[in-house]
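**Student:**
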Amino acid sequence: MMRLMCLAALFVVNVLLAVTSSAALANIPRNGWYGCPLNTFNLKPPSKDYNATAYSLFKEEKKHISRVFTQCAVFDMPFCHNDTSCTPAPGKTMPLFVKGMPASVEGSKKALIMLEGGPGVSSVSLEWIMDKLHRELSGEFHIFTVDHRGTGRSGRLDCPAAQALSLGSRYGNDIALEEVPHSKDLAVLIETEMADYDVYLYGMSYGTMVVERLMHFSPPQVKGYILDSICADHYEPEGTGNNQMFSNWDDDAKDVSQHFLDLCQKDTAVCGKLLGENATATLFKLYDRLDANASACSAIFYDTLEIKPSIRLRLFFFRLLGHYDRRKFIPTFAARLERCNAQDKDVMTAILSKNDPAEPSLDFDSMLLQDTIVYSEVWQVPTPSMEDMQQQFLASPMALNDPDKVGSYCLFTGSNSSECAPWVDMNVPPWTYTPDKYFNKSAAIPIGVSVLGLTGNLDHVTTSKHARRHFNNMKGDNKKLVEFPVAAHGVIGNTPLSDNHTDPHCGLLVVADFLLANGALDAMNLTCMDKVQPL
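Heads up: the sequence shown is residues -26 to -1, 1 to 509, going by mature numbering (1 follows the signal peptide of the UniProt record, and there is no 0).
1) What are the partner residues of residue 46, as DSSP defines its beta bridges?
2) For residue 238, which residues of its own chain have a beta-carbon under 8 Å away from its beta-carbon, when the five flanking residues on both sides are left out?
3) Any contact of the stretch 284 to 292 with the stretch 261 to 272, i.e. 3+ C-beta pairs under 8 Å?
4) Within 10 angstroms of the Cβ of residue 511, are there 16 or more other Cβ atoms? Answer buried if so, exposed if not.
5) Can you list, in chain order, the residues of its chain with a C-beta nearer than 8 Å to that of residue 127? Leave out the 5 residues immediately preceding and following it.
6) Out of curiosity, what's the CA-to-CA distance linking residue 169 and residue 161?
7) Taking 7 Å as the cut-off, is the C-beta of residue 494 nearer than that to any heavy atom in the ligand NAP?
8) Straight-line CA distance for residue 46 to residue 73?
9) Cutting at 6 Å between CB atoms, please list the residues of its own chain near residue 512, excluding the five before and the five after it.
10) Would you give the residue range spanned by the alpha helix (DSSP H) that residue 503 belongs to?
11) Would you decide whether residue 386 is buried or exposed? Buried here means 16 or more other CB atoms lie within 10 Å of its CB.
12) Flag this pair as yes or no: are the beta carbons of residue 296 and residue 180 separated by less than 8 Å?
13) Nearest to residue 353 by CA position, among 221, 486, 440, 184, is which residue?
14) From the DSSP output, in three-state form, read off residue 390 for me.
15) Can you tell me which residues form a DSSP beta bridge with residue 85?
16) Could you check how far apart the C-beta atoms of residue 176 and residue 88 are, in whole angstroms? I think they sit under 8 Å.
17) Of all the alpha helix (DSSP H) runs that stay within the bounds of the stretch 215 to 296, which reach a length of 4 or more residues?
18) Determine which residues share a DSSP beta bridge with residue 453 and list them.
19) Inspect the CB distances between the stretch 183 to 192 and the stretch 387 to 398 and report whether three or more fall short of 8 Å.
20) How far does the alpha helix (DSSP H) with residue 340 in it extend, from its first residue to its last?
21) On the criterion of 16 or more Cβ atoms from any shown chain inside 10 Å, does residue 437 qualify as buried, or is it exposed?
22) With a threshold of 16 other CB atoms inside 10 Å of the CB of residue 125, please say whether the residue is buried or exposed.
23) For residue 26, which of helix, strand or coil comes out of DSSP?
24) Report the three-state DSSP secondary structure of residue 164 (helix, strand or coil).
25) State the start and end residues of the unbroken alpha helix (DSSP H) segment that holds residue 513.
26) Less than 8 Å between the C-beta atoms of residue 440 and residue 416, yes or no?
27) Along the chain, where does the alpha helix (DSSP H) containing residue 305 start, and where does it finish?
28) State the start and end residues of the unbroken alpha helix (DSSP H) segment that holds residue 480.
29) Quick check: residue 233 and residue 432, are their CB atoms within less than 8 Å of each other?
30) So, residue 182 versus residue 2, is the Cβ gap smaller than 8 Å?
31) Starting from the C-beta of residue 494, find all residues in its chain whose C-beta is less than 6 Å away, skip the five residues before and the five after it, and write them out in chain order.
32) Kindly identify the DSSP beta-bridge partner or partners of residue 179.
33) What does the Cβ neighbour count give for residue 467, buried or exposed, with the cut at 16 atoms within 10 Å?
34) Once DSSP output is grouped into helix, strand and coil, what is the label at residue 323?
35) If we call anything under 8 Å between Cβ atoms a contact, is residue 323 one with residue 274?
36) Distance, Cα to Cα, residue 219 vs residue 370?
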């Protein structure tokens, strides 16, 4: 019932996100800039202490960053910009929340805009990176984070805000949530607030797709793009098996999790000792044994967790794989479950039963927005069956996808494909949108602009093979894809150089070097890659 309420909510989205024609740039109202904390959920001011690193540019770094502070502003953007599919509704606007850390170098005209992914994820998770980059750049850049529309403080999309019960389907299916409005918001922000700046854009995960769309518009202020954990914006013909879709996520997860286990078994001192010469086969045998109730540890799943062991463990290990500091426990946990003495059983019951602490930042995310974009642009057509997705899940040592998403896809799209037959009679109007004209088209790199790509070979969400394909399709030569052999999703914060969690990661240092070199790809210092901590 709640899902159906949310369905109705999307019709109000027509008013929120798909309305007016573009306003004159000079007339974009702004509330701000006003002082605000760096950390949204931690009111402590940013630290004034600074420990110089070997990669810092100036001898007097502390002088340049001694007055670090942050400001926030909310811009009233047009609900619908020119060059997008929308229904005019004069006077309607959409809030765009921006947090900025001003440069501490006097007179600086350099800016970096950072965008998170999801889709539907706010910029809160980028705040700690914003602070560290400011330090490594010695205050030379103004650094901004943006909640893309429909997330966080930029008109977050959810059922209560959309008044699902009272308004229902009043606005039909004129929903315009495609990436172009998100990108146009950035273009307007740049052209109004940074008209005389050299601007660089950083996108992570889905944020790379928004940045890629902006490249089609080619704002003259933009001098460089940084794509971290890349979502390819070009799709191969059906049947090639080489598309980056949410519906075949577990196919990619299979490749990466097997690669992780292959690397693991080569470590004969630790991982290989625990999982043997064929770590993947060992894991599958463990799943079979637990599923068959042939282990004392089977009771952890059947009696305590009430879930099939192989399903719970695939999900559990998938989550661990995404963290450089947690994935190392995968072989240990698997070995404990295989041995399963009394202590092992107690330890694994405690670990698998533990709920993660609440993350306040999740309240800023919009799953409603994510589902709308995913089912409109990054889902296979026709949809795979629930059985197909279940087979993909079980074929991978570590996996994530839920076959029930097929039903969600059918309800969101109103598809009449054979796989949607169980939901056809529900008579729920579709609320997905038709992708814009830039869909499935890789932008050419504008003249005078450079593109830096970062990908991790152990990224199980946006895999390196799609990053390579994206860079091959991108027209232009002023580009460089940097591959980190053991990095996970989000290279900027998953390439540690030491055990000290406060030290900057190699990915962050590479980004800083790219910016300090004014986007000159050949001038970047990549030597820290040799010092990234091993698996």
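Don't be surprised by glycine CBs; every beta carbon is placed ideally from N, CA and C.
Predicted model, so just to flag it, every value in this text is computed and none were measured.
**Tutor:** Per the coordinate set shown:
1) For residue 46, which the question treats as bridged, DSSP gives the partners 8, 73.
2) Closer than 8 Å at Cβ, skipping near neighbours: 245, 246, 249, 253, 304, 305, 509.
3) Taking 8 Å as the limit for Cβ pairs, the verdict is that the stretch 261 to 272 does touch the stretch 284 to 292.
4) Residue 511 lies beyond the residue range present for the chain, which begins at -26 and ends at 509; the question has no answer from this structure.
5) Once the five neighbours on either side are set aside, the close Cβ partners of residue 127 are 48, 69, 71, 96, 121, 338.
6) Whole-angstrom Cα-Cα distance: 10 Å.
7) The ligand NAP is absent from the structure shown, which contains no ligand whatsoever.
8) So the alpha carbons of these two residues sit roughly 4 Å apart.
9) Any question about residue 512 goes unanswered here, given that the chain covers just -26 to 509.
10) If you look at residue 503, you'll find it isn't in any alpha helix (DSSP H); DSSP assigns it neither H nor E.
11) Per the 10 Å Cβ criterion, buried.
12) No, they are not a contact pair.
13) Ranking the options by Cα distance to residue 353, first place goes to 221.
14) Looking at residue 390 - three-state DSSP - the assignment turns out to be coil, as it is neither helix nor strand.
15) The secondary-structure analysis by DSSP pairs residue 85 across a beta bridge with 116, 173.
16) A Cβ-Cβ separation of about 5 Å places residue 176 in contact with residue 88 under the 8 Å criterion.
17) List check, alpha helix (DSSP H) in window: 223 to 240, 245 to 249, 253 to 265, 283 to 295.
18) DSSP, once it has assigned bridges, lists 425 as partnering residue 453.
19) Output reads no: the stretch 387 to 398 does not touch the stretch 183 to 192.
20) Segment: none, residue 340 is in no alpha helix (DSSP H) and carries neither H nor E.
21) With 16 or more other Cβ atoms from the protein chains shown falling within 10 Å of its own Cβ, residue 437 counts as buried.
22) Flag for residue 125 reads buried.
23) Unreliable placement is indicated for residue 26, whose pLDDT of 43 sits below 50; the coordinate value is still reported in the next sentence. Shown here, residue 26 sits in coil according to DSSP, grouped into three states, outside any helix or strand.
24) Here residue 164 sits in helix by DSSP.
25) Residue coverage of the chain in this structure runs from -26 to 509, which leaves residue 513 outside it and unanswerable.
26) No; because the gap between Cβ atoms is not below 8 Å, this pair is not in contact.
27) Residues 304 to 313.
28) That run of the alpha helix (DSSP H) goes 480 to 490.
29) Result yes, Cβ atoms of residue 233 and residue 432 sit closer than 8 Å.
30) Judged by their CB atoms, residue 182 and residue 2 are not nearer to each other than the 8 Å cut-off.
31) Excluding sequence neighbours, residue 494 sits near nothing in its chain.
32) For residue 179, DSSP records a beta bridge to 204.
33) The residue in question, residue 467, is buried, as its Cβ has 16 or more Cβ neighbours within 10 Å.
34) When secondary structure is reduced to three states using DSSP, residue 323 falls in the helix class.
35) Against a cut-off of 8 Å, the Cβ pair of residue 274 and residue 323 comes out as a contact.
36) Rounded to the nearest angstrom, the two C-alpha atoms are 16 Å apart.
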